[in-house]
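K.L.:
85 is the number that full-length UniProt numbering gives the last residue of the sequence shown; the numbers go up by one with no jumps.
All residues carry an ideal CB built from backbone N, CA and C; glycine is no exception.
Since we're looking at a predicted model, the values are computed, not measured.
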Amino acid sequence: MLDVRTDEEAAVCSLPNALHIPMNLIPLRQNELPDDVPLVVYCHHGIRSLHTAMYLAEAGFENLYNLQGGIDAWAVEVDAEMARY
């Protein structure tokens with residue numbers, strides 16, 4: 001999983017084992033991303049992650065997925081104990 005939220009947002013809550021690279025740093029750090037496994041990209045509500053997934057697809061990455069609704073939807077639908085902001 002790839003968390004593209006800001007450092008401040010990631011400090012509030014995050015998903016276990018997610019790689020955190022803020023969206024604005026993706027072009028500089030995309031070489032850190034695995035290209036041989038499916039990658040779920042997420043942000044707060046799913047908009048930044050969608051744009052990031054589209055950027056990565058154009059850069060040649062495959063098996064990309066956007067977590068619709070972002071970590072906020074995850075907190076509501078999967079983990080009600082997760083902090084929300």
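Curious, which full-length beta strand (DSSP E) runs of at least 3 residues does the UniProt domain "Rhodanese" (2-83) contain?
P.N.:
Segments of the beta strand (DSSP E) lying fully in the UniProt domain "Rhodanese" (2-83): 39-42, 64-66.
K.L.:
If you count every other CB in all the chains shown that lies within 10 Å of the CB of Tyr42, and 16 or more means buried, which is it?
P.N.:
The residue you call residue 42 lines up with position 42 of the sequence shown. It is buried - the Cβ of Tyr42 has at least 16 other Cβ atoms within 10 Å.
K.L.:
Starting from the C-beta of Glu75, find all residues in its chain whose C-beta is less than 6 Å away, skip the five residues before and the five after it, and write them out in chain order.
P.N.:
Position 75 of the sequence shown, counted from the start, is the residue given in the question as residue 75. The sequence given here places Ala at residue 75; Glu does not occur at that position. Met82, Arg84.
K.L.:
Roughly how far, in whole angstroms, is the beta-carbon of Leu19 from the beta-carbon of Met1, given that I think they are within contact range, below 8 Å?
P.N.:
Translated into the one-based positions of the sequence shown, residue 19 becomes position 19. Translated into the one-based positions of the sequence shown, residue 1 becomes position 1. 7 Å between Cβ atoms; contact.
K.L.:
Thinking just about the alpha-carbon of each residue, which of Ala80, Asp72, Ser49, Asp36 is nearest to the one in Ala26?
P.N.:
Residue numbering aside, residue 26 sits at position 26 when the sequence shown is read from its first letter. The amino acid at residue 26 is misidentified as Ala; the sequence shows Ile. Measuring from the Cα of Ile26, the nearest candidate turns out to be Ser49.
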